[in-house]
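Visitor: Residue numbers (the numbering used here), protein chains in the order written: chain A, 9 to 526; chain B, 477 to 639. In this text, a Cβ means the ideal position worked out from N, Cα and C, and glycines have one as well.
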Amino acid sequence: MIENIREKLITHKNQVVLLNREGQVVASDNHLFTLLIGSDIADINPFFETIAALVIEENQHIPFNCVIIPDANNKPKYYDIELHTGGTDENPFLIIYDFTEHYEYIQGISQEKNELAISNHFEAAKNRQLVAEKAFKNKFLANISHDLRTPLGAILGFVDLLEKTGLNYEQQEMIQTIRQTTLHAKGLIDDLLDISKIEAGALKIENKTFDFIDLMTHLEKIYVPKMATKHLAYKMEIDASIPNYLIGDKVRILQILINFLDNAYKFTHKGSITLRIKAGTVADKKMLLLVEVIDTGIGFPGNKAGNKKEIPIDSFTKFHTTEIEGHGLGLSIVKKILDLMQGDMHIDSEEGRGTTILVRIPVAIDDKVNTKKQIAVANTYQNVKMSKSYKLLIADDNEINQLLLTKILVKHGGFYIDAADNGRDVLEKVTLKDYDLILMDIEMPEMDGIEATIAIRKHPLASTRNTPIIGLSAHVLDSTITTTFNDAGMSGYVPKPYTREQLFEEMYRVLKIELLPK
Amino acid sequence: MSVSKKIVLVGHYGVGKSSLIRRFVQNIFSDSYQVTIGVHILKKIVPYKGEEITLVLWDIEGKENINQSRASYLLGTSGFIFVIDPTRDSTYQNLKEELIFLEKNYPKIPVIKLVNKSDLIDVEEFKKVLAIQNLEIDFFSSAKTGDNVEHVFMQLVSKMLGA
């Protein structure tokens, strides 16, 4: 029985061939290849051409694995071949093993593995190229944004000044148009930057303590006068149980609310706009802000009166970005920011009756003692108590910016102003004179604002070392930049382009100037 | 009896070693990629200076490093062709090390450095890529179009026979 199995399955899978030193066949069992005595072994296949050269050296054992020798039908067969060159009085011999089945299996696996590796290579190369293109695009956008923000800041600043020079009604109207157009351009630049950051995964949601009531006050300050221009009633219904101090991304929450309120403002021509914010369930110091922005505007086309229903966000966004001219990217950005915050939004709309946007924004409650404050219109710079005149140094390499800042400060009153063109100039000036505050541009030749701030913070004289410094930069405010400013030792930061109110709000805070009620 | 010379094509998998040999010996080309495992040997007799030379062409399984190849495959080699694929930088990133390995283990055996698949690239641009990496290449060829294939093998014959 065993002999039968061996004969059938093993013996006929091997062949032994005895050779002479010239590579001719001396004996063969011919189980795999039929070889004639005296024939040249190289006649089987070109593989054996090299054997003749190798048999010259004695006592060698050389294995050749997986040698492909096609059969009579040109079908590949796979063999392991051992060459034993033998001793002085011995004949060299070959043992040939047929491992076709085994190697066919291996071939299938190798085929799959190599194809996958090659395709992965091309996929990875494609991805690398996409990443590089994206990085280039983002850098380009960041640079363009910076370059565009600087002149926009100058325009807005001079518009502010021009407005207060006794213009007639027609001139006032024109100046308002310039302001609105400039603000619109600024909004578009900000949107582009946000989109590029989101795409690059660079937009990070901050988790910092912020004053919720201040946020609401800020919104009221913007929208009460704005809604009045269209004779719309603006109502704010804020749940009194929402704590003052929340943890979240104030800037992005403000961006979301402003976007929805602007949206409502744009599409509502009569009636009212309501901002309603309720506190969701609190668990483990986490809660949801349940925001509703309700308008009585044009609604979503197709949703007939009496059939108020939920609109898919994408359809709504598409309608607002393609059908309504000049709307920009706002809603798309808000949706992406909400996704990053793990919040969500729903839109109910009815044609001709209005739209309700429902947003859920996750926040945390700060441990600080939360004392309730009233929402009040914030003080502006006219209502401050200046106990003395302050010595200010403004550092900016751009003459127009210097001029603008000087005019704003002179108009306010209460400041002695010096100017410096770059960081090195600042260092010279602070050595000669003590200042109450430095307004420091960041991008300056020779020595930039960051380097100058670091140098001042290392100054041997305490009075110089401790001079408050507010950074002014057209770079977009994000966590990386604020960290850089904080690390350098800046006392505050105002992003360009800024309004007078933004500038003075930060100056009052840093200089500890007391605000008086209106 | 004609002179017999063993030529081994080395390089990564998928660079086109089998295709080059098939183009040279049988003048055929297939776009479908068929992995070679082990070794497949073909033969071609070429005329050289009035004599017939038998070229025994060893098409061995592609590896990421030559030292992963079975040593017995490389025994008795008279000439190497190192093939790279210009569309996959991994096939030539370690070219210098691979050539040092051949020089050390097979001294005085001629090696031709060949860029295959030249039909897929801008040759002049790729020469700049090679220059940046300080890599020297002997020939560009395409097994697909047949461009330069015969010439490369004959150049190796010339080197092997010391002319």
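#1: For Val342(A), does the count of other Cβ atoms within 10 angstroms reach 16, so buried, or fall short, so exposed?
#2: Is there a Cβ from chain A that is less than 8 angstroms from the Cβ of Arg546(B)?
#3: Out of Ala291(A), Met295(A), Lys274(A), state which residue places its alpha-carbon closest to the alpha-carbon of Val301(A).
#4: Just reading off the beta strand (DSSP E) that His516(B) is part of, what are its end residues?
#5: Taking any Cβ of chain B, which residues in the region 107-121 of chain A have a Cβ under 7 angstroms from it, in chain order?
#6: Distance cutoff 8 angstroms, beta carbons only. Does His129(A) sit that close to anything in chain B?
#7: Interface residues of chain B around Glu123(A) at Cβ under 9 angstroms?
#8: Based on the DSSP secondary-structure assignment, which residues constitute the bridge partners of Tyr253(A)?
#9: Just mark Pro54(A) as buried or exposed, buried being the case when its beta carbon has 16 or more other beta carbons within 10 Å.
#10: If you reduce the DSSP assignment to three classes, tell me which class Arg368(A) lands in.
#11: Quick check on Arg14(A): does DSSP put it in helix, strand or coil?
#12: Can you tell me whether Asp303(A) is buried or exposed, with buried defined as 16 or more other CB within 10 angstroms of its CB?
#13: Any idea what DSSP makes of Asp598(B), helix, strand or coil?
#14: I'd like the list of long-range same chain contacts for Val591(B), defined as Cβ closer than 6 angstroms, with 5 residues on each side in sequence excluded.
#15: Here's the rule: buried if 16 or more other CB atoms are within 10 angstroms of the residue's CB, otherwise exposed. What is Asn430(A)?
#16: Measure from the C-beta of Thr93(A) to each C-beta in chain B and report whether the shortest distance is under 8 angstroms.
#17: Using only the alpha-carbon positions, how far apart do Val75(A) and Gly526(B) sit?
#18: Hey, would you say Tyr86(A) sits closer than 8 angstroms to Thr108(A), going by beta carbons?
#19: Is the CB-CB distance between Leu445(A) and Met498(A) below 8 angstroms?
#20: Would you decide whether Gln410(A) is buried or exposed? Buried here means 16 or more other CB atoms lie within 10 Å of its CB.
#21: Determine the direct distance from the alpha carbon of Ile261(A) to that of Ile373(A), and round the result to whole angstroms.
#22: Return the CA-CA distance between Ala463(A) and Leu435(A), expressed in angstroms with no decimal places.
#23: Determine whether the beta carbon atoms of Ile477(A) and Met448(A) lie at a separation below 8 angstroms.
#24: Does the count of Cβ pairs from the region 156-164 of chain A and the region 501-510 of chain A closer than 8 angstroms reach three?
#25: Taking C-beta pairs closer than 7 angstroms, name the residues in chain A that Val605(B) reaches, listed in chain order.
#26: Let me know the secondary structure DSSP gives Ala140(A) once reduced to three states.
#27: Report, in whole angstroms, the separation of the C-beta atoms of Ile608(B) and Ser554(B), which I expect to be a contact under 8 angstroms.
#28: Is Pro54(A) helix, strand or coil by DSSP?
#29: Measure the alpha-carbon distance for Lys572(B) versus Phe148(A) and round it to whole angstroms.
#30: Following the continuous alpha helix (DSSP H) through Ala463(A), name the residue where it begins and the one where it ends.
#31: Along the beta strand (DSSP E) that carries Asp303(A), what are the first and last residues, could you check?
#32: Taking only beta-carbon positions, decide if Leu550(B) is within less than 8 angstroms of chain A.
#33: Phe625(B) touches chain A at which residues, Cβ-Cβ below 7 angstroms?
#34: Who are the Cβ neighbours of Asp88(A) in its own chain at under 6 angstroms, not counting the five residues just before and after it?
#35: Quick one: does Pro562(B) have its CB under 8 angstroms from some CB of chain A?
#36: Show which residues of chain B have a CB atom less than 7 angstroms away from the CB atom of Val75(A).
Guide: This is what the structure gives:
#1: buried
#2: yes
#3: Lys274(A)
#4: 515-524
#5: Tyr111, Ile114, Gln115, Ser118, Gln119
#6: yes
#7: Gly490, Tyr509, Val511
#8: Asp219(A)
#9: buried
#10: strand
#11: helix
#12: buried
#13: coil
#14: Ile560, Pro562, Ile613, Phe616
#15: buried
#16: no
#17: 33 angstroms
#18: yes
#19: no
#20: buried
#21: 15 angstroms
#22: 8 angstroms
#23: yes
#24: yes
#25: In chain order: nothing, as chain A lies at least about 13 angstroms away.
#26: helix
#27: Not a contact, Cβ separation roughly 33 angstroms.
#28: helix
#29: 38 angstroms
#30: 457-465
#31: 294-303
#32: no
#33: According to the sequence displayed, residue 625(B) carries Val and not Phe. Residues of chain A passing the Cβ test: none, with the nearest at roughly 19 angstroms.
#34: Asn73, Tyr105, Phe107
#35: no
#36: Gly514, Val515
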